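Please read the structure below before turning to the comments.
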Amino acid sequence: MEKSIFQRIIDREIPSQIVYEDEQFIAIRDIAPKAPVHLLLIPKRFSSRLDEISDAQHMGELFLTANKVAREHLTDYRLVVNVGAGGGQVVFHTHVHIMGGWEEKSEAE
Ligand code: 5GP
């Protein structure tokens with residue numbers, strides 16, 4: 001199976017602005033931001049879409065990590081997951097959009 005673009009980012013085959021990484025997840029800046037702060041949290045364990053994840057611990061850790069990463073950059077934010085082409089998903093490697101900064105005076109880097 002061909003690697004997803006996010007797998008290639010995880011494997012450092014293509015560059016990205018990494019803002020967070022641990023054993024399970026990587027968070028990068030979206031290449032085409034739709035918010036003043038637009039990050040993508042990507043699990044290293046591959047699933048093509050959120051509804052493929054049946055492991056409750058993995059699902060929990062995904063959202064716990066999304067909150068942790070979001071709070072490093074933002075006070076208030078939006079978490080978005082597009083599921084399937086009809087739901088707006090373009091990259092079929094599960095990811096959580098972390099978006100915010102519309103009201104923020106400055107971003108805590
Ligand atoms: P989706 O529509 O699948 O939920 O969102 C995919 C997101 O990935 C889009 O917001 C798009 O801008 C972002 N994206 C696509 N290719 C790349 C890339 O090569 N690098 C980064 N940093 N973001 C990407």
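Mind the numbering: the sequence shown is residues 1 to 109 in full-length UniProt numbering, read in order.
Built from N, CA and C at the ideal position, the CB exists for glycine as well.
Bear in mind that the values here come from a model prediction, so they are computed numbers and not experimental data.
query = Does the Cβ of residue 94 have 16 or more other Cβ atoms within 10 Å, making it buried, or fewer, making it exposed?
reply = With 16 or more other CB atoms across the displayed protein chains lying within 10 angstroms of its CB, residue 94 is buried.
message = Please state whether the Cβ-Cβ distance between residue 64 and residue 96 is less than 8 angstroms.
response = Cβ atoms of residue 64 and residue 96: not closer than 8 angstroms.
request  = Determine, using beta-carbon pairs with one atom in the segment 77-88 and one in the segment 44-52, whether at least three such pairs fall under 8 angstroms.
outcome  = As far as the Cβ criterion goes, the segment 77-88 touches the segment 44-52, which means the pair count is three or higher.
key: Identified DSSP bridge partners for residue 28   = Paired residues: 18 and 40.
task = If I'm right that residue 92 touches residue 16 with Cβ under 8 angstroms, what's the distance once you round it to whole angstroms?
result = Between residue 16 and residue 92 the Cβ distance is about 17 angstroms, and since that is not below 8 angstroms, they are no contact.
key: Three-state secondary structure assigned by DSSP to residue 1   = If DSSP states are grouped into helix, strand and coil, residue 1 belongs with coil.
request  = Determine the contact status of residue 66 and residue 40, defining contact as a CB-CB distance below 8 angstroms.
outcome  = In this structure, residue 40 does not lie closer than 8 angstroms to residue 66 by Cβ.
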